[in-house]
Amino acid sequence: MTTNDIVLFVYDNLMKGEDQHEWLASARPLGEATTPPQYALVDLGSTGALVPGGLVAVSGELYALQPAALAALDVHRGHPVLHRRAAIRLADGREVQTYLLSVEQAAGCRRVREGDWRKRRGAPGATRTRDAGALVSWAKRRFDPSR
Numbered sequence: 001m002t003t004n005d006i007v008l009f010v011y012d013n014l015m016k017g018e019d020q021h022e023w024l025a026s027a028r029p030l031g032e033a034t035t036p037p038q039y040a041l042v043d044l045g046s047t048g049a050l051v052p053g054g055l056v057a058v059s060g061e062l063y064a065l066q067p068a069a070l071a072a073l074d075v076h077r078g079h080p081v082l083h084r085r086a087a088i089r090l091a092d093g094r095e096v097q098t099y100l101l102s103v104e105q106a107a108g109c110r111r112v113r114e115g116d117w118r119k120r121r122g123a124p125g126a127t128r129t130r131d132a133g134a135l136v137s138w139a140k141r142r143f144d145p146s147r
């Protein structure tokens with residue numbers, strides 16, 4: 001890591017294997033990381049957002065970026081209007097930069113309860129964590145032509 005590098009915590013579609021990871025093409029991966037259970041992760045549709053004041057430990061990845069690459073990412077993420085880049089402390093005590101969304105902006109957004117973007121509802125490869133319930137099971141049996 002050079003002295004100019006900035007360490008960024010990403011938790012959504014910027015992570016490896018996700019659809020906007022190419023924005024970190026010039027960044028150096030530093031491994032996985034987790035926040036303390038003081039945040040909420042919300043699904044904005046095409047991207048996610050980290051919201052302070054929740055009760056979830058959010059999983060993500062760390063990247064070292066040059067200031068110019070971070071400036072381009074700031075524009076892409078809508079800093080400071082939509083997402084606000086700020087310093088946070090990770091569960092292991094390291095201080096890093098990340099993108100936050102205000103509590104007011106996140107009102108009405110669906111929460112990712114597990115704190116893991118890859119496990120959100122509808123994500124490729126996501127598994128069900130609970131039974132669908134009696135009504136859903138009945139409806140599937142009732143309208144399934146193969147039964």
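Under the working numbering, think of the first position of the sequence shown as 1, with each following residue one higher. For glycine and all other residues, C-beta sits at the position ideal for the given N, C-alpha and C.
Using 8 Å as the threshold, is the C-beta distance between residue i and residue j below it?
{"i": "H83", "j": "A49", "result": "yes"}
{"i": "A27", "j": "L90", "result": "no"}
{"i": "P148", "j": "L55", "result": "Examination of residue 148 is not possible in this model, given that the chain is present from 1 through 147 alone."}
{"i": "I160", "j": "L65", "result": "An answer regarding residue 160 cannot be provided, because it is not within the stretch 1 to 147 covered by the chain."}
Residue i to residue j, Cα distance in whole Å?
{"i": "P67", "j": "R118", "result": "28 Å"}
{"i": "T3", "j": "A71", "result": "17 Å"}
{"i": "L101", "j": "L73", "result": "15 Å"}
{"i": "R130", "j": "G17", "result": "The predicted model places R130 with a pLDDT of 48, which falls under 50 and marks its position as unreliable; any figure quoted below should be read in that light. One C-alpha to the other measures close to 26 Å."}
{"i": "P80", "j": "Y99", "result": "9 Å"}
Please state the DSSP three-state secondary structure of residue i.
{"i": "Q105", "result": "helix"}
{"i": "R121", "result": "coil"}
{"i": "V10", "result": "strand"}
{"i": "R77", "result": "helix"}
How close, in whole Å, do the beta carbons of residue i and residue j come, if the pair is a contact with beta carbons under 8 Å?
{"i": "G53", "j": "V103", "result": "6 Å"}
{"i": "V42", "j": "A106", "result": "5 Å"}
{"i": "A40", "j": "R120", "result": "With 8 Å as the limit, A40 and R120 do not qualify as a contact, their Cβ atoms being about 13 Å apart."}
{"i": "T47", "j": "N13", "result": "5 Å"}
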